[in-house]
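K.L.:
The structure under discussion is supplied below as structure tokens; questions concerning it will follow.
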Amino acid sequence: MKVVLDTNIWVSAIIWGGIPDEIIILQQRNLLTIGMSEKLLNELERTFNKKKIQPKLEVLNLTSSSAISLVKESVVLYPIEELFVPELRDPDDNIVLATAIAAKANVIITGDQDLLVLEEYQEIKIMTAKDFLQQHFGNEGN
Numbered sequence: 001m002k003v004v005l006d007t008n009i010w011v012s013a014i015i016w017g018g019i020p021d022e023i024i025i026l027q028q029r030n031l032l033t034i035g036m037s038e039k040l041l042n043e044l045e046r047t048f049n050k051k052k053i054q055p056k057l058e059v060l061n062l063t064s065s066s067a068i069s070l071v072k073e074s075v076v077l078y079p080i081e082e083l084f085v086p087e088l089r090d091p092d093d094n095i096v097l098a099t100a101i102a103a104k105a106n107v108i109i110t111g112d113q114d115l116l117v118l119e120e121y122q123e124i125k126i127m128t129a130k131d132f133l134q135q136h137f138g139n140e141g142n
């Protein structure tokens, strides 16, 4: 199974652990593949560089660069093409959809309501981390 994680899932997994981190653990056990694009990676790096995120990374002895290195170890990079989906409430979410299309992902995992309202795009399911674990691994998370 191939998935794409939205930036909010990566931030949650790295900083807080919990349910989003369980998805990373599944990848480490070779139970799924995580697709990523350079544009989504750049968006994640901008998020890690935000003033409110920096102190949380520092507590974990991480910098933005080291957090991005951790992400790169867990993903397969795919080149993406520009995409515009008029139904999206947030145009920045086009990157997530474009990444999922390029990766031929089965699922986009996100906590972003702007994406979740779509439920599916081009046969790619869009769901929360908790719903993903329940539906695909019979796990409700900790």
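Residue numbers (UniProt numbering): 1 to 142.
A virtual CB, placed ideally from N, CA and C, is assigned to each residue, including glycine.
Taking the CB atoms as reference points, tell me whether S64 and E43 lie closer together than 8 Å.
P.N.:
The answer is no: Cβ separation not under 8 Å.
K.L.:
Count the other CB atoms within 10 Å of the CB of N142; is the residue buried (16 or more) or exposed (fewer)?
P.N.:
Legend: pLDDT at N142 = 48, less than 50; position of this residue unreliable, no value from coordinates given.
K.L.:
I need the boundaries of the alpha helix (DSSP H) containing A39, first residue and last residue.
P.N.:
What sits at residue 39 in the sequence shown is Lys, not Ala. Unbroken alpha helix (DSSP H) run through K39: E38 to F48.
K.L.:
Can you give, in chain order, each stretch of the alpha helix (DSSP H) that sits fully within the segment 75-123 and has at least 4 residues?
P.N.:
94-103 and 113-116
K.L.:
Contact between the segment 87-102 and the segment 27-43: three or more CB pairs below 8 Å?
P.N.:
Touching, per the Cβ criterion.
K.L.:
Should T99 and T47 be called a contact, given that it needs their Cβ atoms to be closer than 8 Å?
P.N.:
no
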